[in-house]
Every structure is written in C-alpha cells, then in structure tokens.
Amino acid sequence: MISAHAPALVDYVFIVDKFPALGGHAKIVTTAKFPGGAGANVVHNLATLGVDATLFTTLGKDEDAKFFIENTRAEVSAEITDELTGKVLVFVDQKGERTFFVQPNSAEKPFVKVKYGEFLYVDPFPSELSFEIQKEIMQSFGGFVILNPGHFYASMGFKKLSELLEFTDMIIMSSAEFEILKTPPRDYLDFVDYLIVTLGEKGAVCYTKKEKISDKGFKAKVVDTTGAGDAFSAGFIYGFINDFSLENCLKLGNFCGAYNVERIGARAFPTKDAIADFISTLRKH
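Last residue of the sequence shown: 285 (UniProt numbering), numbering continuous.
And the structure:
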C-alpha cells in the first residue's frame, strides 16, 4: 500500500551528560545501536501496525546492512551501492536534544527504482544526486505522494523545493524546516493539498485550502527526541489511510510522537494494541 524512497541508515546513539564546549569533553552515559533513516522509520512503524509497507533504498555489504534488514518490519528492496551501509552518530544530552554526524556511504548513491503503489513517502538521501532522482520518481509515481523535505531540501529554499511540490500531495515538516523556508502556508497550498507542520511539545497543525486544524499534543517526559517526527508521521499517515478526520490524524500523530520521546531510539513506537486503545478513545469523543 505504501512505499518509501529513503535512505537506510544505522544509528549509533550516545547518551552524554552534556554537550561540551568546542575543545571540551563530556561523559558518555549510555550507548545503543538502532536501524534508522527518517523514511525507513516511518514505513517500519506503519508495518508494525499491519500496513503493507516497502522501503526502496540502498545498502552496503557489511554487518550493518544485515542488522538493518533484520530489524526492519517493512519489506526492504535494496540495491548494493557501496561496501559500507550509511551510518549516523547520534549524541543525545540529558534534555533529550540531539546532534547528528552522518557517514553516508551507500546512502550517498540512491540508485534504486521504486515500484508503483497507492502511497509514496519521499525522504531525502544525503547525496547531491538525491533531489533530481527523487523528482523523477515523484513525477512518474502516479499515486499519492507524501514529502518529508528534511533540513536538506528545506535549506535549498522554497523556489527550488517547489520543483518537488509540483508532484506532491502532502508535505510534512518540522517547525524548524518551516522557519528556514520563510514561506506562508498559502504558497504551499498552491501545490499541495495538505501541509502539516510539527511543533514539538506544542503539537502540530494541518493546513488545507479550506481550513487550519491544530492539536496541542501531549505532555511527555523527554528522554530522546530522535525519531519523534517520524513517529508522528507514521501515526498521522496511519490515520489518513484509514480515513480518520484530519483532527484525529493529528491527535494520533502527536500520541505516537509523545510515546517516542519518552524512550531511547528513533523507532520507539506504540504497539498495535496501544494504538487500538488510543483510537477507541478518539471514537468516544
């Protein structure tokens, strides 16, 4: 039902006592290893809920590739484009804020074809080739296209991004990315039907040509914000493909995002039963 054209990355997570000043040092409190990549996280999370999901990506020939496939619930359709799989070093402080260092490896060579389907989730590869390759895929896809521009595409400016928006039905971005682009919602809606902006602890907002819908989100004890946006996207998309109201899509997305930040790892996501229980509360209101 849903495909993603997105990088496969392996996250090496280091929880530190603080972020040091330049030239300083900090203590590593905890370490962990997780499969990652924003689009990969989204389709993995959807697959845990029973959605037919496939990730079209690139991998290396190393143990990280095996680790990624074995720990991803979505089907992985990959081309081998490097000896090494893409890696991310993630440093997280005691407030849950994180800093990333990316070693692209196979993710820098996004040469994989996408099969047609109902929905396509597009997430930038860390590669100068990514934009044009994904533009061509989006143009020829034929189904419903969801774009996560990330910092990479947002930093290109709205004029350049609009080349992708021409083939986009829904765009989901963070408030930081929205601020980088400095463009009012109406300009996005000249291209797309849905603009969703996540607001961190303040929830999220959805713009359409007819209305603006907001949800204030849920209070959470933040441990690690890595993957919070991906968890939100998976929750929102799950509601959307199941014909929930946009208000309830936002609520489900925020529920998943809050669950994520209270745990370590980008793929911390509610179980199918927890989602079902939450959905039942929505239906009572």
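Yeah, the Cβ is synthetic: ideal placement off N, Cα and C, and Gly gets one too.
Judged by DSSP in its simplified three-state form, His44 adopts helix. If you compare the alpha carbons of Gly143, Gly60 and Leu147 with that of Asp123, the shortest gap goes to Leu147.
Judged by DSSP in its simplified three-state form, Ser162 adopts helix. Distance from the CA of Glu63 to the CA of Asp82, rounded to the nearest whole angstrom, comes to 13 Å.
Distances from the alpha-carbon of Ala107 to those of Ser233, Leu84 and Tyr121 put Leu84 closest.
Judged by beta-carbon spacing, Val102 lies within the 7 Å limit of Val88, meaning their Cβ atoms are closer than that value. In the DSSP assignment, Val261 falls within the unbroken alpha helix (DSSP H) covering Leu246 to Val261. Restricting attention to Ile275, Ala6 and Asp11, the CA atom closest to the CA of Thr54 is found in Ala6.
Rounded to the nearest whole angstrom, the C-alpha separation of Lys210 and Met170 is 15 Å. C-alpha of Thr31 to C-alpha of Val42: approximately 23 Å in a straight line. Boundaries for Pro35: no alpha helix (DSSP H) harbours it, while the beta strand (DSSP E) harbouring it runs Ile28 to Gly36, taken from the DSSP string. Taking a contact to require three or more Cβ pairs closer than 8 Å, the region 131-151 and the region 173-185 qualify as touching. Asp187: not part of any beta strand (DSSP E); member of the alpha helix (DSSP H) spanning Pro185 to Tyr188, first to last residue. DSSP lists no beta-bridge partner residue for Tyr153.
The shortest C-alpha to C-alpha distance from Ala78 to any of Phe240, Cys206 and Thr58 is the one to Thr58.
With a cutoff of 7 Å on beta-carbon distance, Ala204 and Leu250 are scored as near each other. Taking 7 Å as the cut-off, the beta carbon of Leu165 is found closer than this to the beta carbon of Phe191.
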